[in-house]
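Colleague: Below is a structure I'd like to ask you about.
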Amino acid sequence: MQVHIKYFASIRETLGRSGEAWETDAGTLGALRAALVARDASPEHPLAAGRAVRMAMNQLMCEEDAALTPGCEVAFFPPVTGG
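Now the structure itself:
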């Protein structure tokens, strides 16, 4: 399924992009996060396990076990962002 991913604040700065559309077989937000880290294969990846990251799906805060839906919008951002 295709999902639309948005990156915010320091995550956006580190990755050098604000978002992307991505085709994935991941079933949950956590699986999507792991797949994105594996794709880039960087030990300093801003979405790597152990890093503080907040996630939202369709503009609602979610935990890693939230099920992805086709065409959903997923956002990743650090726990504190400025306005």
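Residue numbers (this note's numbering): 21 to 103.
The beta-carbon is built from N, C-alpha and C at its ideal position, and this holds for glycine as well.
1) Tell me the residue span of the alpha helix (DSSP H) that contains Glu84.
2) Give the single residue among Tyr27, Arg37 and Asn78 whose Cα lies nearest to the Cα of Arg53.
3) In three-state terms, what does DSSP make of Gly47?
4) Looking at the structure shown, is Glu33 part of a helix, part of a strand, or coil, going by DSSP?
5) Ala95 by DSSP, collapsed to three states: which one?
6) Taking the beta strand (DSSP E) that Val23 falls in, what are its first and last residues?
7) Leaving aside the five residues before and after Glu43 along the sequence, list all residues of the same chain whose C-beta is less than 6 Å from its C-beta, in chain order.
8) Could you spell out the range, first to last residue, of the beta strand (DSSP E) harbouring Ala61?
Modeller: Here's the rundown:
1) As a working note, residue 84 is residue 64 in the sequence shown. Run containing Glu84: none; DSSP gives neither H nor E here.
2) If you number the sequence shown from 1, residue 53 lands on position 33. The residue with the shortest Cα to Cα distance from Arg53 is Tyr27.
3) As a working mapping, residue 47 is identified with position 27 in the sequence shown. Gly47: coil per DSSP, three-state reduction.
4) Numbered from 1 along the sequence shown, position 13 holds the residue referred to as residue 33. Residue state, collapsed to three classes: helix.
5) Position 75 of the sequence shown holds residue 95. Residue state, collapsed to three classes: strand.
6) On the sequence shown, residue 23 is found 3 positions in, with the first residue counted as 1. Looking at the DSSP string, the run of the beta strand (DSSP E) that includes Val23 is Gln22 to Tyr27.
7) In the sequence shown, counting from the first residue as 1, residue 43 sits at position 23. The residues are Gln22.
8) Reading the sequence shown from its first residue, position 41 is the one you call residue 61. First-last for Ala61: undefined, no H or E at that position.
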